[in-house]
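A.B. asks: Numbering (full-length UniProt numbering), first residue to last: 1 to 470. Handing you a structure now.
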């Protein structure tokens, strides 16, 4: 077998998602470790008034490419930016660019995707499924294509106990879903979403599973390989330790803990944190293309799938993450930290709610009060949980124009309390007493004290007396 640098020598590569986290690292590693590689065509759209060429020029001036600039000063000449938008018909490629890519490309890396967990289904389908279909259609026209490498996720099939290195059939036919989403309005899609997702937690994992199946069904004679990384984190070694350019996933948690903002989190200490460094994933991805491409004629025609994870062979638990994050940031504190780092994981919902109130909401409330006193804008929203924001939205949208109807609201509160104290309902749980609160901090505190805690105690009593908890 040829070595990896020998395989890539003289080959022209097409890369989607080049401006993303993994795409940047793949581009840098490919150019640095395979110096004889031909041209690397990167699909980039115009953004914020910047042309694709200007965006690529900005990207390669970041710290990630400094080592490459020293070792190969002329590397930028090999990067060719191609104007493209994967959400548009034919990826918005000009006829000339389509013909050029069809004639020259030998290897494709499809890294582009939306990684937002809460992406609306239509958008997630557009970016993760239909874009893959368009890339595959372009690949069919390529006269010298050796390998099409698709970056998926290890969580595409997270509804399964064991995930083999095979493509699993999805719960719905992706073709029918694409046709259905064409005529459905957003409200109807949202109402059907829980049923569609089933055991999967979000649209990201769901659409990634559909994309894998699409590749299996539509690849035909194209040589396809799929790489499934788990939670991709900062670099281990290359081009230098600890490089990352975003606050997605675990990096956001680590920074929030290091800044002293995140103090408590609901999680199990014994759960596996399947973190994998980005350079490990990129090395595997380049090796996958090398193996699948160079062995094309001597191996079976089956689509090769590679799970790129750490949890099975070198498990790292969230309890260990907690210890290392705290100890690291205590030794090497971040600039402008809000407090001394200290984060605790708990699986108990009530304890978690208590510590959110004590460690997140109360300090944020006091800090905002201080900011107001010195005439600065409060920043409470930064420390609120998702549930807290949802609660505020509920109050403002359901109560309707609080400023104009505050008298009526307080009157309603008074009438409800007095009516049911005078004429109590049968089988009442407690003596009637309801309070309206516009402050999210006090509302969260009284929710814990007046709702969650009594409900927990009452359920404990029911269990002890042999009844079903409520």
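Heads up, the beta-carbon is just placed ideally off N, CA and C, and yes, glycines get one too.
1. To the nearest whole angstrom, what separates the beta carbons of residue 149 and residue 225, a pair I think is in contact under 8 Å?
2. Let me make sure I understand the geometry here. Which of 137, 340, 355 and 107 has the alpha-carbon closest to that of residue 89?
3. Residue range of the beta strand (DSSP E) that residue 263 falls in?
4. Enumerate in chain order the residues of its own chain whose CB-to-CB distance from residue 113 is below 7 Å, with the five nearest sequence positions on each side excluded.
5. Report yes if the CB atom of residue 230 is closer than 9 Å to the CB atom of residue 308, and no otherwise.
6. Measuring straight from C-alpha to C-alpha, what distance separates residue 49 and residue 459?
7. Taking its Cβ as the centre, do 16 or more other Cβ atoms sit within 10 Å of residue 347, making it buried, or is it exposed?
8. Along the chain, where does the alpha helix (DSSP H) containing residue 132 start, and where does it finish?
9. What's the call for residue 143, buried or exposed, on a 16-neighbour Cβ count within 10 Å?
10. Rounded to the nearest angstrom, what separates residue 219 and residue 133 at their Cα positions?
11. Going by DSSP, name the residue or residues bridged to residue 229.
12. Let me confirm a value: residue 23 is counted as buried when at least 16 other C-beta atoms fall within 10 Å, else exposed. Which label applies?
13. For residue 5, which residues of its own chain have a beta-carbon under 6 Å away from its beta-carbon, when the five flanking residues on both sides are left out?
14. Would you grab the beta carbon distance between residue 105 and residue 12 for me? Rounded to a whole angstrom, and I think it's under 8 Å.
15. Note down the Cα distance separating residue 449 from residue 259, rounded to an integer number of angstroms.
16. Any contact of the segment 236-253 with the segment 152-167, i.e. 3+ C-beta pairs under 8 Å?
17. Suppose you measure from the CA of residue 296 to the CA of residue 313; what does that come to, to the nearest Å?
18. Tell me whether residue 224 sits in a helix, a strand or coil according to DSSP, three-state version.
19. Where does residue 403 sit, in a helix, a strand or coil, going by DSSP?
20. So, do the segment 256-273 and the segment 349-356 have three or more beta carbon pairs nearer to each other than 8 Å?
21. Taking only the alpha-carbon atoms, compute the straight-line gap between residue 159 and residue 204 and give it to the nearest angstrom.
22. Expressed to the nearest angstrom, what Euclidean distance is found between the alpha-carbon atoms of residue 440 and residue 131?
23. If you measure between the beta carbons of residue 26 and residue 282, is that distance less than 9 Å?
24. Name the one or two DSSP bridge partners that residue 109 has.
25. Rank 62, 87 and 168 by C-alpha distance to the C-alpha of residue 76 and give the top, closest one.
26. Measuring straight from C-alpha to C-alpha, what distance separates residue 68 and residue 187?
27. Would you report the Cα separation of residue 91 and residue 239, rounded to the nearest angstrom?
28. Who are residue 344's beta bridge partners in DSSP?
C.D. replies: Inspection of the coordinates gives the following:
1. 5 Å
2. 137
3. Careful: residue 263 lies outside any beta strand (DSSP E) and carries neither H nor E.
4. 17, 127 and 128
5. yes
6. 59 Å
7. exposed
8. 131-140
9. exposed
10. 9 Å
11. 308
12. buried
13. 34
14. 5 Å
15. 29 Å
16. no
17. 29 Å
18. strand
19. Low per-residue confidence applies at residue 403: pLDDT is 31, beneath 50, and the placement is therefore not dependable, though the value from the model is reported in the following sentence. Correct three-state label for residue 403: helix.
20. yes
21. 13 Å
22. 41 Å
23. yes
24. 15 and 149
25. 62
26. 49 Å
27. 31 Å
28. 264
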